[in-house]
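Each remark here refers to the structure printed beneath this line.
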Amino acid sequence: MTTKERAAEFPPVTLIEAGRSEEKYWRDVWRYRELLYFLAWRDVLVRYKQTAVGVTWVVLRPLLIMAIFTFAFGRVAKLPSDDGIPYSLMVLAGLLPWQFFSTALSDASLSLMGNANLITKVYFPRILIPLSAIATCIVDFLVTLALLVVFAIWFGVIPTWRIVLLPAFFALMVVPALGAGILLSALTVRYRDFRYVVPFIVQFGLYISPVGFSSKVIPDQFSMLFALNPMVGVIDGFRWALLGTSTSMDAPVLFSSCLISTLLSIVAVRYFRQTERSFADEI
636 MTTKERAAEF PPVTLIEAGR SEEKYWRDVW RYRELLYFLA WRDVLVRYKQ TAVGVTWVVL
696 RPLLIMAIFT FAFGRVAKLP SDDGIPYSLM VLAGLLPWQF FSTALSDASL SLMGNANLIT
756 KVYFPRILIP LSAIATCIVD FLVTLALLVV FAIWFGVIPT WRIVLLPAFF ALMVVPALGA
816 GILLSALTVR YRDFRYVVPF IVQFGLYISP VGFSSKVIPD QFSMLFALNP MVGVIDGFRW
876 ALLGTSTSMD APVLFSSCLI STLLSIVAVR YFRQTERSFA DEI
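Going by my numbering, 851 is the number at position 216 of the sequence shown; the sequence numbering is gapless.
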């Protein structure tokens, strides 16, 4: 039998190896990148398809939160703003990264459960599912960013040269969202109670992050504890880059955010890889 005849009789097959090495696994992630685009685009299309006002919710939600926080913290509690920046604009700049993080966390944590049929029938790197859920949130982020630009122009606040560093803070915003989202997605498959824990985490995180207030109001004795929240450096960085305030970035807080976000992502990926092979049985 010739080589061609043998090839025709035994066509090439895709071999799925148990315990694939990290190099091969991430190579598979790259090979299946089109599936990531498909899943993300599918979620974008169906997210607001059956809602009454559709994509308008992307604008209404931050506006409503901004109005509530401005009234509660700015008018009632009379907390100071950042260097004369209008309080509502400061809140909106804080909502920009927080809304991305909270939505990504909520969507990613339930993403594996929502794609149970796909997981049990087709082979692909399962990490693509929480990644696609997080990628979908970028659309909301861009809409909110455009809304912030409109408000900044309205209030006469012009960004300075610091705006060129915004992509760096965007990357710093994505890293903790990836870490927490990937970790919680795996935990939700194994422990279904996390479906009820995640909303509490998001709600609690909103009040311990400087979204409705400036980081300046935190007493010095609590500053180190406050800096353990990785979103503190992200939110302060967005305000520093977008609003052109005269305050300088707190280097220790920024370093803490980078370190904690990186460690969280490493732990999340390791745990996900360890539990991934049992998803089809447990889901």
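Ideal Cβ positions, reconstructed from N, Cα and C, are used throughout, including at glycine.
On a predicted model such as this, the values are computed, not experimentally measured, just so you know.
Given the structure, does residue i come close to the ligand HEM, in the sense that its CB is under 7 angstroms from one of the ligand's heavy atoms?
| i | result |
| --- | --- |
| VAL679 | Questions concerning the ligand HEM fall outside what the structure shown contains, since it holds no ligand whatsoever. |
Have a look at residue i and residue j and give me their C-alpha separation to the nearest angstrom.
| i | j | result |
| --- | --- | --- |
| ILE773 | PHE735 | 7 angstroms |
| LEU782 | LEU877 | 13 angstroms |
| TRP875 | TYR842 | 20 angstroms |
| ALA653 | LYS659 | Low local confidence applies: a pLDDT of 43 at ALA653 is under 50, so the model's placement there is unreliable, with the coordinate-based value given in what follows. Roughly 11 angstroms separates the two Cα atoms. |
| SER844 | LEU674 | 31 angstroms |
| ARG662 | VAL904 | 15 angstroms |
| GLU917 | MET748 | 10 angstroms |
| PRO715 | ASP871 | 15 angstroms |
| ARG696 | PRO732 | 14 angstroms |
| GLY847 | SER737 | 15 angstroms |
| PHE786 | LEU699 | 14 angstroms |
| ILE798 | MET866 | 19 angstroms |
| THR649 | THR910 | Annotation note: pLDDT 45 at THR649 (below 50); position unreliable, coordinate value reported separately. Cα to Cα, the separation comes out at about 23 angstroms. |
| PRO721 | TRP676 | 36 angstroms |
| VAL679 | TYR672 | 11 angstroms |
| PHE839 | PHE804 | 23 angstroms |
| GLY814 | ALA806 | 12 angstroms |
| ARG912 | VAL681 | 29 angstroms |
| SER767 | TRP789 | 34 angstroms |
| ILE703 | LEU860 | 26 angstroms |
| ILE651 | VAL784 | In this prediction, ILE651 has a pLDDT of 46, which is less than 50 and means its spatial position is unreliable; nothing more can be read from the coordinates. |
| ASN752 | THR705 | 44 angstroms |
| LYS756 | VAL694 | 37 angstroms |
Which residues in the same chain as residue i place their Cβ atom closer than 6 angstroms to its Cβ, once the five residues preceding and following it in sequence are excluded?
| i | result |
| --- | --- |
| GLY868 | VAL888, LEU889 and SER892 |
| ASN750 | ILE764 |
| LEU801 | ALA876 |
| PHE914 | ILE754, ARG761 and VAL824 |
| ALA739 | ILE769, CYS772, ALA812 and GLY816 |
| ALA862 | VAL888 and SER891 |
| VAL852 | LEU714 |
| GLY879 | PRO794 and THR795 |
| ASP885 | none |
| SER820 | ALA743, SER744, SER746, LEU747 and PRO765 |
| LEU822 | PHE829 |
Can you tell me whether residue i is helix, strand or coil according to DSSP?
| i | result |
| --- | --- |
| LYS851 | helix |
| MET884 | coil |
| ASN864 | coil |
| SER741 | helix |
| LEU777 | helix |
| VAL757 | coil |
| ILE817 | helix |
| LEU714 | coil |
| LYS659 | helix |
| TYR831 | helix |
| THR924 | Here the chain covers residues 636 to 918 and nothing more, so residue 924 does not appear. |
| PRO845 | coil |
| PHE729 | Residue identity check: residue 729 is Gly in the sequence provided, not Phe. If DSSP states are grouped into helix, strand and coil, GLY729 belongs with the helices. |
| ILE703 | helix |
| PRO721 | coil |
Which residues in the same chain have their Cβ closer than 7 angstroms to the Cβ of residue i, if we skip the five residues on either side of it in sequence?
| i | result |
| --- | --- |
| PHE759 | TYR667 and LEU670 |
| PHE645 | With a pLDDT of only 46 at PHE645, under the threshold of 50, the placement of this residue in the model should not be trusted, and no figure is reported. |
| ASN864 | ILE843 and SER844 |
| VAL664 | PRO760, ILE762 and LEU763 |
Excluding the five sequence neighbours on either side, which residues of its own chain have a C-beta within less than 8 angstroms of the C-beta of residue i, listed in chain order?
| i | result |
| --- | --- |
| SER741 | VAL833, PRO834 and VAL837 |
| MET701 | SER723, VAL726, LEU727 and LEU730 |
| LEU818 | LEU899, VAL902, ALA903, TYR906 and PHE907 |
Could you tell me whether the stretch 805-819 touches the stretch 782-794, where touching means 3 or more Cβ pairs closer than 8 angstroms?
Cβ pair count under 8 angstroms is below three, so no.
State whether the stretch 853-860 contacts the stretch 770-781, with contact taken as three or more CB pairs (one from each stretch) at a distance under 8 angstroms.
Too few Cβ pairs lie closer than 8 angstroms, so no.
For the stretch 826-841 against the stretch 709-728, are there 3 or more C-beta pairs whose distance is under 8 angstroms?
Contact between the stretch 826-841 and the stretch 709-728 is absent: fewer than three C-beta pairs spanning the two stretches fall below 8 angstroms.
Answer yes if the stretch 723-732 comes into contact with the stretch 894-903, meaning at least three C-beta pairs across the two stretches below 8 angstroms, and no otherwise.
The stretch 894-903 is not in contact with the stretch 723-732.
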